[in-house]
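Residue numbers (my numbering), protein chains in the order written: chain A, 30 to 406; chain B, 30 to 406. Just so you know, even glycine gets a beta-carbon here, dropped at the ideal spot from N, CA and C. Please read all numbers here as calculations on a predicted model, not as lab measurements.
This is the structure:
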């Protein structure tokens, strides 16, 4: 048996591996980007129209595509429904864009750190990573010109960072000048707790091709596996053909459910945001009481994560720290897999604040604090 | 902008393009493998357990994996639930297997003709096709040794052919001897109208690695986008990681629905099969009354299609015939896209018999007959 060349770069997602253990009774999880179960919409009686059981359009249900285009206009991104491709979750968009643009050795620019499952897919297809910082986007001009620039400008995963207006405009301008494709991943933008700039970077693009994607997992329900992308018109046919080849079309029941939830126009999302803001604040307070001697962090204006950098000379191997904390029933994400490079990585932790209850937060963070202090002895 | 090398081989699926037009009012469609809407299970009141809305396991829901493993044992394929990977439709299995095994130039053996969307995906990843006939499997020993042998042994798409026991055993033996991976695609096996051998070829494999996949689209509902694969233990971790990278996991609502339908153990599937058998017989009769001067065919023992070969010297360009028939509101699939090669292809039509009503069948086939006779003038 001869495996493909790309399997030499195939690896499990560390986050999916950790998600396996967090269902264990008593586990306090700061690991996943799991929305709070209390945030899920209630689906009490679902009547399934029989036509939804038949094969559907690759691009998605027309009414949902129109609603998405309408909502994007409100974000500052003017697109037509014909540019909307419904996805089986936004992870699928990463797969499709990688297929479209990445061969072995293709230079791909990513923030460092960035979403680990994007690194996983880009790497599988052979990406040669170029990294950049939101504070120094201009540096991209000095690198090997990337084919693709991947960005999470709003409440970035894992750092929680949100690009200001000037950074957004600079990224669009640099992309235009380099002539590469901008791929903007925006799953968290509706989970906003403090005012900040959220206009899509793609709306500032003048010439380049671009893909913007988002997800219904964070605002509605991950189990429905639904997201979407919109893109410049030149890319749409190819991304749509790649979607055909990947799974024909997305689940029609989920599309119908999400559309009806979008049309409800109730206060559910505002309430979810209020409850997450309170959780963020409680988490921040608990952090200050437990981990401030050992770590630094910024308070995120939105999203689901705190990103902690361990102060020198505390624990450098966060993988070992995870092994110890799992024994104490506390799960978190070590920072290493979020970096495109393997050397010179600062010791970091990504802590999700939306899933655990307030008493669990305090308990879990106390345990982490204790383990770090022991490691330092 | 620099697209990936594989996009040079990217093309739309002809079937998905035709499916776009068949929703037009008055269209009689023999084109898709669309199950009859009357066959769909009724989902009147669906109560959605909140936990199904959360992220789930990449491999699928445990109870569904166990049920699939149990059902496969009844087909003669002894596997454990740990070898079952739930898919977002069996098209996804083709994508995952292609990622696992196919690089540019990899020899891949396929029946000629075969499922066009498998050709589409294998080709995208760079497959170099080797073709074989069920009647001459031994010929594979004389070709450039393939890395992968793809087969639809039961009610093949498009031909409807079903391998007999000797052919199944030979295919397994040749695969074992060549040391390549066998990929068995089996979506139609439950749509059986006459007795025939249906034991999975994979059950006869002794040494080689293998993947067997099936779908719930044909027996339950395509709109739920659910299928599964099982494979030899060596391949499971990699296929599961590829699934993670593709869409994290499959829709949990669909998994719950399909599991409850599998557990109903009612007569629905038997009734669907009875009604399809009657449709096949009616279609066969209508074919004899209309197209026998122009075409030859075999009556399929199962599945959803008749495969017609045009008699010389009738219409050779079935693409042109389709253009004309669409003007008369009749859709079908031209044979060409089902062939891995582009030259020396016989003129063929694939006609689905499960979707149209009996009066529509007669009318549609009469129109086709008329168009072929005109083309011959």
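Given a cut-off of 7 Å on the beta-carbon distance, is the pair residue i and residue j in contact?
i	j	result
residue 359 (chain B)	residue 396 (chain B)	yes
residue 329 (chain B)	residue 141 (chain B)	no
residue 350 (chain A)	residue 59 (chain A)	no
residue 82 (chain B)	residue 285 (chain B)	no
residue 65 (chain A)	residue 383 (chain A)	yes
residue 131 (chain B)	residue 154 (chain B)	yes
residue 124 (chain B)	residue 275 (chain A)	yes
residue 205 (chain A)	residue 170 (chain A)	no
residue 198 (chain B)	residue 163 (chain B)	no
residue 394 (chain B)	residue 315 (chain B)	yes
residue 312 (chain A)	residue 362 (chain A)	no
residue 84 (chain A)	residue 251 (chain B)	yes
residue 416 (chain B)	residue 398 (chain B)	Nothing about residue 416 (chain B) can be read from this structure; chain B reaches only from 30 to 406.
Alpha carbon to alpha carbon, how far is residue j from residue i? Give it in angstroms, no decimals.
i	j	result
residue 242 (chain A)	residue 335 (chain B)	41 Å
residue 339 (chain A)	residue 347 (chain A)	9 Å
residue 488 (chain B)	residue 264 (chain A)	This structure cannot settle anything about residue 488 (chain B), because the visible part of chain B is limited to 30 through 406.
residue 294 (chain A)	residue 138 (chain A)	38 Å
residue 79 (chain B)	residue 249 (chain A)	12 Å
residue 367 (chain B)	residue 89 (chain A)	26 Å
residue 150 (chain A)	residue 225 (chain B)	43 Å
residue 144 (chain A)	residue 194 (chain B)	50 Å
residue 113 (chain B)	residue 178 (chain B)	20 Å
residue 31 (chain B)	residue 175 (chain A)	10 Å
residue 41 (chain A)	residue 57 (chain B)	47 Å
residue 108 (chain B)	residue 127 (chain B)	22 Å
residue 324 (chain A)	residue 364 (chain A)	13 Å
residue 173 (chain B)	residue 147 (chain B)	20 Å
residue 255 (chain A)	residue 266 (chain B)	25 Å
residue 168 (chain A)	residue 187 (chain A)	21 Å
residue 257 (chain B)	residue 244 (chain B)	6 Å
residue 270 (chain A)	residue 39 (chain B)	7 Å
residue 105 (chain B)	residue 92 (chain B)	20 Å
residue 273 (chain A)	residue 86 (chain A)	9 Å
residue 327 (chain A)	residue 310 (chain A)	12 Å
residue 33 (chain A)	residue 103 (chain A)	44 Å
Between residue i and the rest of its own chain, which residues show a CB-CB distance below 7 Å, the 5 nearest in sequence each way excluded?
i	result
residue 96 (chain A)	288 and 291
residue 77 (chain B)	282
residue 101 (chain B)	108 and 259
residue 55 (chain A)	358
residue 355 (chain A)	50
residue 69 (chain A)	250
Apart from the five residues on each side of it in sequence, which residues of its chain come closer than 6 Å, Cβ to Cβ, to residue i?
i	result
residue 200 (chain A)	166 and 230
residue 332 (chain A)	184, 189, 217 and 220
residue 253 (chain A)	283
residue 409 (chain A)	Past the boundaries of the shown model lies residue 409 (chain A); chain A is included only from 30 to 406, so the question cannot be answered.
residue 375 (chain A)	338
residue 296 (chain A)	none
residue 353 (chain A)	400
residue 474 (chain B)	With chain B represented from 30 up to 406, any question about residue 474 (chain B) goes unanswered, as that position is not in the structure.
residue 404 (chain B)	344
residue 239 (chain B)	211, 231 and 261
Under 8 Å Cβ to Cβ from residue i, same chain only, skipping five residues before and after it: list those, please.
i	result
residue 247 (chain B)	62, 64, 216, 217, 219, 220 and 333
residue 134 (chain B)	155 and 157
residue 357 (chain B)	396 and 400
Suppose only complete runs of 3+ residues qualify. What are the beta strand (DSSP E) ranges in the stretch 67-136 of chain A, listed by chain order? Scanning the stretch 67-136 of chain A for uninterrupted beta strand (DSSP E) segments of 3 residues or longer gives 113-116, listed from N- to C-terminal end.
At 3 residues or longer, and completely inside the stretch 212-271 of chain B: list those beta strand (DSSP E) runs for me, N to C. If we require 3 residues or more, the beta strand (DSSP E) runs fully inside the stretch 212-271 of chain B come out as 239-244 and 256-260.
Taking one C-beta from the stretch 197-211 of chain A and one from the stretch 111-119 of chain A each time, how about it: are there three or more such pairs within less than 8 Å? The stretch 197-211 of chain A is not in contact with the stretch 111-119 of chain A.
Does the stretch 284-302 of chain B come close enough to the stretch 214-230 of chain B to have 3 or more Cβ pairs within less than 8 Å? Enough Cβ pairs lie closer than 8 Å, so yes.
Counting only runs that start and end within the stretch 337-388 of chain B, where is the alpha helix (DSSP H) found for 4 or more residues in a row? Those alpha helix (DSSP H) runs which fall completely within the stretch 337-388 of chain B and span 4+ residues are 347-356.
In chain order, each beta strand (DSSP E) run of at least 3 residues that lies wholly inside the stretch 129-191 of chain A: You should have 136-140, 157-161 and 177-180.
Count the C-beta pairs between the stretch 273-280 of chain A and the stretch 105-117 of chain A that are closer than 8 Å, then say yes if the count reaches three, no if not. With the cut-off at 8 Å, the stretch 273-280 of chain A and the stretch 105-117 of chain A touch.
Quick test of the definition: if touching needs 3 or more C-beta pairs under 8 Å, does the stretch 230-240 of chain A touch the stretch 258-276 of chain B? Taking 8 Å as the limit for Cβ pairs, the verdict is that the stretch 258-276 of chain B does not touch the stretch 230-240 of chain A.
Within 8 Å, do at least three Cβ pairs link the stretch 48-56 of chain B to the stretch 92-106 of chain A? With the cut-off at 8 Å, the stretch 92-106 of chain A and the stretch 48-56 of chain B do not touch.
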